[in-house]
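So the structure is just underneath, and the comments pick up after that.
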């Protein structure tokens, strides 16, 4: 008997113990759903409740969680997402990462709200979820395959070309600590190394097929929201035209674009790696996620000198910057190739670019030599070196074996002051946005439980100038300079950060310009609950606080909520060559953020009152 | 030239200096309006910014502020309200009080958003505001008149029967510290003694007439909200049928109904003073405020033994309890008469009943004798004594002179432990709801800047049982017992309290069952701003924090955020005769409330960060 559950939910979680090859279905009730919503909320709950302290993230004791939100797979723009979480092999703490595409929507139609993977299979397997039935299948023949080969093989052997596949490539198999999980070949749950966790479990892929239309409580309300979005094309026309990475030269001139491992500001070739350049040279199409009219995803094709397969999509801003300017590279085709390699091998493009830039700076400073690199001249701007190193990382060969450990571990192994060049927080490589320009973003990098993420964050430039209307709803009364780090800025950050976490719970894309009240309308329309923004904000607090508790249990302290020293110095050149991020201001801001979260102002430990308030055990 | 301003606002404040007979119009801009909204927000701002520390509330240096909200006078249920504030002659701190009726809507149509009264007139005057023009008129001939006589006289002499009049009666003239301001004869801005401030300024009344239809940005959205309310009659049918005060016997049986100065629980005659009894005996009609279909206001007529003029409306629950059970009186006609006297003399019916009950308990305990009362046997249940004492208070004659000082001052004057019987917080007499039943309500009584108010408060019984859906939007996941005072309850209180303050800023009646999201819809529809709940919540924080600062400036400390000792003992009989309000629990709850507000957990002083965050100087 199926229990009645709110719209948007199936009320079912698939639990797969790979060690025992035991598959079971668990039910969740409405109170649970309303308390945690889904996505990041579910992940925080299960990681906090179910993981033992101190386990090795790559051991069978870790769990890998795929969680949908109530909005996943609904006919509304931004609904093509889901969330993947685990104990991170990169940070040793909490991690979660969102991904778009169609896989999540398919899982919703297959009858589940989440999949929890436990244990470790003896031999490579893949999971096949088909309309409420789940089974494990041998994947020995898939091991070593690229993501595309894997998807093709699974579709062929199961005889259905519409199966959606989430998979790892060799990067995940080889336990690259920043390996990601790829679905639909070009959509990556990029951050935190969930792909390595998947590899450590000998789980190659999850294929999904479903035909059950999800229940929506008020389809007519969703329709109104869809109409609103179509009527406000001006809010997303830029994304539709270019995707991410437009105006790269302007980004360089404001100082946002990382250059040479965040060391420099000047990059005269910025416009060569811009989304405009992509459009004008290698772009052949734009793609989109489930039910989204925005179509922000580039598809590129390159024939020579590096063949780039359009099946793998095209580079987002993060890849253009991390594999481009941050490595001193302006060869767009090479960047597109590296991006393709990341998707084929299941490597996080941000971490890959940052760890290579780190290695380049080490090389230029003599901390790594050609002896370490087997002769590769790992200098900024060396395109071939960047491509070669990407391959080596995926295969964990040569210098790649060191870099596959991630920037922080590599720096510790190199020693000799290499940590100075390690652009990471808590072990997670920093996103392609500059804290010396965006002050609250730097706070977000430092306090995020999963490390220096640019997604669950606030981009201060949105609050300068005219200020965006969406921010007014979150407390912005007057424009605030991007480099301001006052209490009012911290407060705005705190609200925007929670809004982002709400999206990660629902799971709803951050690129779709829904404001917080519309997000609430979407949740109400889908579930049929009469929900409120305050209620959603509390779910975000709950999600973040459980993630905080998880990290505290693993030994993290407030001292881990910091930025790399480099940001406390000016850039060597360019527009930010006289500005630095004041560490004392950061400390004050962090303390106020803790206070706003109901955490101890000094230690960042959630107070017993706050835990009781939020109903966290 | 009139500046463009958002819908709902006139953009103008009328400032009247009575000492210099100087009238001026000031403009306010959109940023100011969006930061403070109106009503209580405007009052907090002006009191904090403009009043000198330590002034006598009855001196010319005090200011009396009438403030509309953007919703005042709009065609939506609950919009008939405005807010009046000053430094309170009763508490010596911040006070504000809301009132319904039609006066506020008329002022909106006359072209102003607020009136600030300063100084003191040499001789009695009244203010005449007529379609954007304002003038002071002699009121010597009105001095001493009842509110009805005053209204009639002003209408007659200005030749317009539709003039709306806010006025004081003899209570305000005689500086009864809990005198109120009455408009439309039966609508009282009851609490905190603003009527005494008006009297101290020799201002008898403000007559208003206006013809300018207020601007509404999206009238079609307001129409939708009106339709929703009419379609959900079940949410307000009880109010429509009975008004306040239904089910008085049930209230007694749960322990909520105050009996004998909050000392006892048993009151066998409760049903005799219930709204059902009013309906079945003395009620002749129901009235309503501007634009409201709910029609919750009783109109009663009594011919003998006490003639009660229907022009003065009828008793609300607060009057039925304060002048009834709390004084041990179950004679409905006598209560109706006392209520009429309060409206005619401009006395706050709650404070009047509480101070009389206090005197009765003093009398029964020998702290007051017939010598003090000129022979009145001031015992619980003595109907004639209650009526007589009400008269004496208004005239400040005999025992009335002492009681006109309010319960706290009277207790201090009597000494000999009389304070034990003074049911007040910060000097404001306690509303007719029992903290030993409703735990968070007790917290609200103790921390409210204007004292023990039941309006800007949370009634815990709403969260027990099934829980109301409106509360789910504010964080209620599961029902909570009424006497629970856990962090989750404090947190819910904190959100509901802010919701109430938002209503007081807009100014929107608390009886209309709009939820917080609908309140935001109303604000957006009226102003044309795209507003958000988070933004509104911040206005509430700003309003409460400025009020807190005002009180701190006047010497209040956390020690003033307490309850009368009586609540920390069980009732002498009835359902709560074994339950008491734990003072340590209150202290913990208060501390957590301070934390949620961004105030120091121990002292309740707003942190510098919070002030900077909210933009308070």
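Chains as they are written, first to last, in my numbering: chain A, 2 to 618; chain B, 2 to 618. A virtual CB, placed ideally from N, CA and C, is assigned to each residue, including glycine. Predicted model, so just to flag it, every value in this text is computed and none were measured.
query                                                                                                                                                                                          : result
Let's test the definition: count the other Cβ atoms within 10 Å of the Cβ of residue 22 of chain B and tell me whether it reaches 16, buried, or not, exposed.                                 : exposed
Mind checking whether residue 617 of chain A and residue 558 of chain A have CB atoms under 9 angstroms apart?                                                                                 : no
Who are the near neighbours of residue 73 of chain B in its chain, counting only those whose CB is closer than 7 angstroms to its CB and skipping five residues on each side?                  : 80, 82, 83, 105, 106, 109, 508
Using a C-beta to C-beta distance shorter than 9 angstroms, which residues of chain B count as neighbours of residue 517 of chain A?                                                           : 533, 534, 535
With a threshold of 8 angstroms, are at least 3 pairs of Cβ atoms found where one atom belongs to the region 60-70 of chain B and the other to the region 276-292 of chain B?                  : no
Is the CB-CB distance between residue 324 of chain B and residue 436 of chain B below 9 angstroms?                                                                                             : no
As an exercise, report each continuous beta strand (DSSP E) stretch of at least 3 residues that is fully enclosed by the region 74-145 of chain B, in chain order.                             : 83-88, 95-100, 115-119, 126-131, 134-139
Is residue 28 of chain B buried or exposed, if buried means 16 or more other CB atoms sit within 10 Å of its CB?                                                                               : exposed
Just confirm the distance between the C-beta atoms of residue 1 of chain B and residue 516 of chain B, as a whole number of angstroms; I'd bet it's less than 8 angstroms.                     : Here chain B has residues from 2 to 618 only, and residue 1 of chain B is not among them.
Could you tell me if residue 372 of chain B is buried or exposed, where buried requires 16 or more neighbouring beta carbons within 10 angstroms of its beta carbon?                           : exposed
May I have the straight-line CA-CA distance separating residue 426 of chain B from residue 420 of chain B, to the nearest angstrom?                                                            : 11 angstroms
For a cutoff of 9 angstroms on Cβ pairs, would you count residue 511 of chain B as touching chain A?                                                                                           : no
The alpha helix (DSSP H) spanning residue 319 of chain A covers which residue range?                                                                                                           : 318-323
What residues match up with residue 207 of chain B in a beta bridge as DSSP calls it?                                                                                                          : B/128, B/167
For residue 134 of chain B, which of B/26, B/140, B/500 has the nearest alpha-carbon?                                                                                                          : B/26
Output needed for residue 604 of chain B: all residues of its chain with C-beta closer than 6 angstroms, excluding positions within five of it in sequence on either side, in chain order.     : 559
Ordered along the chain, which non-local residues of its own chain (more than five positions away) have a Cβ less than 7 angstroms from that of residue 138 of chain A?                        : 126, 127, 129
Strictly under 9 angstroms for the Cβ-Cβ distance: is residue 530 of chain A near chain B by that measure?                                                                                     : yes
According to DSSP, which residues form a beta bridge with residue 430 of chain B?                                                                                                              : B/425
Compute the Euclidean distance between the alpha carbons of residue 103 of chain B and residue 407 of chain B, then round it to the nearest angstrom.                                          : 29 angstroms
Tell me which residues share the same chain as residue 145 of chain A and place their Cβ nearer than 8 angstroms to its Cβ, disregarding the 5 neighbours each side in the sequence.           : 171, 174
Just to confirm my understanding: we take residue 607 of chain B, look at its own chain, exclude 5 residues before and 5 after, and list those with CB closer than 7 angstroms. What are they? : 546, 549, 550, 599, 600
Helix, strand or coil for residue 25 of chain A per DSSP?                                                                                                                                      : strand
Rounded to the nearest angstrom, how far is the Cβ of residue 42 of chain B from that of residue 540 of chain B, given a contact under 8 angstroms?                                            : 6 angstroms
I need the straight-line Cα distance from residue 552 of chain B to residue 46 of chain A, nearest angstrom please.                                                                            : 43 angstroms
How close, in whole Å, do the beta carbons of residue 111 of chain A and residue 217 of chain A come, if the pair is a contact with beta carbons under 8 angstroms?                            : About 17 angstroms; that fails the 8 angstroms criterion.
Counting C-beta neighbours from all protein chains within 10 Å, is the total for residue 285 of chain A 16 or more, i.e. buried, or is it exposed?                                             : exposed
For residue 316 of chain A, count neighbouring C-beta atoms within 10 Å of its own C-beta (all shown protein chains included) and say buried if the count is 16 or more, exposed if not.       : buried
Is the region 449-464 of chain A close to the region 565-584 of chain B, with three or more CB pairs under 8 angstroms?                                                                        : no
Return the CA-CA distance between residue 151 of chain B and residue 159 of chain B, expressed in angstroms with no decimal places.                                                            : 12 angstroms
Taking the straight line between their C-alpha atoms, what separation do you get for residue 189 of chain B and residue 177 of chain B?                                                        : 15 angstroms
What is the DSSP secondary structure of residue 56 of chain A, reduced to helix, strand or coil?                                                                                               : coil
Cβ-heavy atom distance between residue 527 of chain A and the ligand MN below 8 angstroms?                                                                                                     : As presented, the structure is devoid of all ligands, the ligand MN included, so that no description of it is given.
Can you tell me whether residue 229 of chain A is helix, strand or coil according to DSSP?                                                                                                     : helix
Do you know how far the Cα of residue 340 of chain A is from the Cα of residue 479 of chain B?                                                                                                 : 48 angstroms
Could one say the Cβ of residue 608 of chain B lies closer than 9 angstroms to chain A's Cβ atoms, at least one of them?                                                                       : yes
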